[in-house]
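Chemist:
Protein chains in written order, with the working numbering: chain A, -15 to 143; chain B, 106 to 606.
1) At a cut of 8 Å, does the region 313 to 332 of chain B reach the region 188 to 198 of chain B through at least three beta carbon pairs?
2) Have a look at residue 486 of chain B and residue 132 of chain B and give me their C-alpha separation to the nearest angstrom.
3) Looking at the strands, I want to know which residues DSSP matches up with residue 298 of chain B.
4) Could you tell me the alpha carbon to alpha carbon distance between residue 602 of chain B and residue 33 of chain A, rounded to whole angstroms?
5) What are the partner residues of residue 146 of chain B, as DSSP defines its beta bridges?
6) Kindly indicate the opening and closing residues of the alpha helix (DSSP H) around residue 456 of chain B.
7) May I have the straight-line CA-CA distance separating residue 18 of chain A from residue 8 of chain A, to the nearest angstrom?
8) What residues of chain E sit near residue -12 of chain A, judged by a beta carbon separation below 9 Å?
9) Compute the Euclidean distance between the alpha carbons of residue 139 of chain A and residue 503 of chain B, then round it to the nearest angstrom.
10) At 7 Å on the CB atoms, spell out the chain B contacts of residue 6 of chain A, in chain order.
11) Just tell me which of A:89, A:23, A:65, A:-10 has its CA closest to the CA of residue 42 of chain A.
12) Considering only C-alpha positions, which residue in the set B:371, B:391, B:475, B:282 is nearest to residue 425 of chain B?
13) Around the Cβ of residue 391 of chain B, are there at least 16 other Cβ atoms within 10 angstroms (buried) or fewer (exposed)?
14) Which residues of chain B have a Cβ atom closer than 9 Å to the Cβ of residue 97 of chain A, listed in chain order?
15) Listing by chain order, which chain B residues have their CB less than 9 Å from the CB of residue 140 of chain A?
16) Kindly indicate if chain B contains any beta-carbon less than 8 Å away from that of residue 38 of chain A.
17) Do residue 577 of chain B and residue 238 of chain B come within 8 Å of each other at the CB atom, strictly closer than that value?
18) Can you pull the chain A neighbours of residue 566 of chain B, defined as C-beta to C-beta under 8 Å?
19) Per DSSP, what kind of secondary structure is residue 250 of chain B in: helix, strand or coil?
20) Are there 16 or more other CB atoms within 10 angstroms of the CB of residue 108 of chain B, so buried, or fewer, so exposed?
21) For residue 201 of chain B, tell me which candidate among B:281, B:405, B:129, B:320 has the shortest Cα-Cα distance.
22) Taking residue 440 of chain B and residue 167 of chain B to be in contact with their CB atoms under 8 Å, please state how far apart those CB atoms are, rounded to whole angstroms.
23) Taking the C-alpha atoms as reference points, what is the distance between residue 141 of chain B and residue 513 of chain B?
24) Quick check on the DSSP output: the alpha helix (DSSP H) that includes residue 63 of chain A runs from which residue to which?
25) Classify residue 431 of chain B as buried or exposed, calling it buried when 16 or more other Cβ atoms lie within 10 Å of its own Cβ.
26) Cα separation between residue 106 of chain A and residue 545 of chain B?
27) Go through its chain and collect everything with a Cβ distance to residue 539 of chain B's Cβ below 7 Å, but skip five positions before and after it.
28) Spatial neighbours of residue -8 of chain A within its chain, please: CB distance less than 7 Å, with the 5 preceding and 5 following residues excluded, ordered by chain position.
29) Grouping DSSP H, G and I as helix and E and B as strand, with all else coil, what is residue 1 of chain A?
30) Please name the residues in the region 545 to 560 of chain B whose beta-carbon is closer than 7 Å to at least one beta-carbon of chain A, in chain order.
31) Terminal residues of the continuous alpha helix (DSSP H) containing residue 208 of chain B?
32) So, under 8 Å CB-CB, residue 15 of chain A and residue 566 of chain B are touching, yes? Tell me the CB distance rounded to an integer number of Å.
33) Identify, in the order they occur along the chain, each residue of the same chain with its Cβ nearer than 6 Å to the Cβ of residue 453 of chain B, setting aside the five sequence neighbours on each side.
34) Near residue 280 of chain B, what residues of its chain come up, given a Cβ to Cβ distance below 7 Å and the 5 sequence neighbours on each side ignored?
35) So what's residue 136 of chain A in DSSP terms, helix, strand or just coil?
36) What are the partner residues of residue 18 of chain A, as DSSP defines its beta bridges?
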């Protein structure tokens, strides 16, 4: 089984290489006139060195006495996240952002607060709706009227 | 010294306007509440309040945001002591002895030690800020691009080594942050880089949405998963129980002063000064105490010292920001952002050019410190009430504030998407034991690092060894190189001695 450092090291190695090759299109310039590419190239090299150090450390620990198995609970946080309420929070917020400009701030914020309240569990639907309507109205007033920030009103209503 | 005192009096006189006083009360109150409530954190809260500062003067904005941060240092101790859950990272150490005191029905004494210690040490720190910042600014006028490059690099390297966890991982996060900062318009040439044909990327990636995502949205995701409630752990606090015994008074006074001085100097260093200062103060108090065996079982010194240190560390961090213009923490990075939005740039000339901002701000720190003493002693029952709010109400509201607050920065949904993506990344980073602060600071210091390197490169005609021809940059760069080497040697030695046992 691969240790976390090994996976992370490979990831950052590829990230560093990607950044390095992306930066090749920019010139490093001359001594008296450094180009766009000088600083990114230095950062990419530093990142690659860190990735190599991470991989080196992972290989050394695999051979040494501290080669522990990753505990079951620490494995694959991605999988645990996808099965957790946190994932639905992310889906809820993503849906909010996608539909915000369609339905407008007031409606989508009410829906978002109700959804988040449902994900958290507990309490009644009435309390969730009361919280949702009051918080969306209050924040709308605060940002639109007091701070003069133009919040989306919803394209579906002709705005 | 007399000049500084007379300017401080000038600051107090000009502080007494309604907007300034409202900013003090609002900032400290919000900060205390944020500190009491585990979750959002003062830095993410400051980021959410950042849009409000657009409509205010720079002084009011600075007072408001700073009030939130050091208010949270006060408030964080309340939940640590009462329910053994640290409100902020700076209050983790307070849980150890503070909660033990609560179990012995000495919660009032612990809260008093924390609040009074914070006030005394805060005053010490602000005095240091008053007298040291102007002097440091006078010295820093002679700094050029090589010195700024050296200090920025030193800051990032030290940060990577002291942020907790693996130094290699922290350094990697710093570099990823610097990498993200190169996306968009190059500050030197004005040309676009790394946009890959995407219009939004050509605008760059702002560090504020990333910060809100990594600290705020990630915490919201965590709240949804753990759903921890605190109200069931809370007992009613009575004001008459707040008074410590004579022995407790005698034991807590010296740690408050020690914590004050220690915290200030730790705050001057790059990194999470307010967090590090608490660990350092606890270690010192345990070392010098006549009752070291009591530590971990309700020693009042273990509350007074760390809580004092985390407040005076705030002043140390402000010295570096206001006199050098360099933010070495998320807190000072946000203050820098707030000032930049008003086209004000902290640095060696800041105090000379903007005395009406600097001295009024300094005066506000003293007043705010006193306001916080009132909020956290006689009114602690009121602030602790916030712990009773069910999480199913808090989480959606905090999430909404994160999203809308971010939108108001630039009126674009792109920033809010960054918050969401950063939130997921921030949550996973926590699971994989990566620190978020180095990444954010890499994004903040990256442009400063690049600009100063480019300018130095031109000055030196590409002869990079000339950094060592200048004493200040040479010494700082040498230290920056030695820090990771010494840290690595120290860890290898520890590892070898453990293996031999």
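Ideal placement from N, C-alpha and C gives every residue a C-beta, glycine not left out.
Keep in mind that this is a model prediction, so the values were computed, not measured.
Modeler: A quick look at the data gives this:
1) no
2) 19 Å
3) B:289
4) 27 Å
5) BP columns for residue 146 of chain B are empty, so no partner.
6) 455 to 458
7) 14 Å
8) The chain labelled as chain E is not found among the protein chains of the depicted structure, namely A and B.
9) 27 Å
10) 299
11) A:-10
12) B:371
13) buried
14) 501, 502, 504, 505
15) The contacting residues do not exist; residue 140 of chain A stays about 16 Å from chain B at best.
16) yes
17) no
18) 15, 16
19) helix
20) exposed
21) B:405
22) 6 Å
23) 26 Å
24) 61 to 66
25) buried
26) 35 Å
27) 274, 278
28) 38
29) helix
30) 555, 558, 559
31) 197 to 208
32) 5 Å
33) 242, 245, 246
34) 547
35) coil
36) A:13
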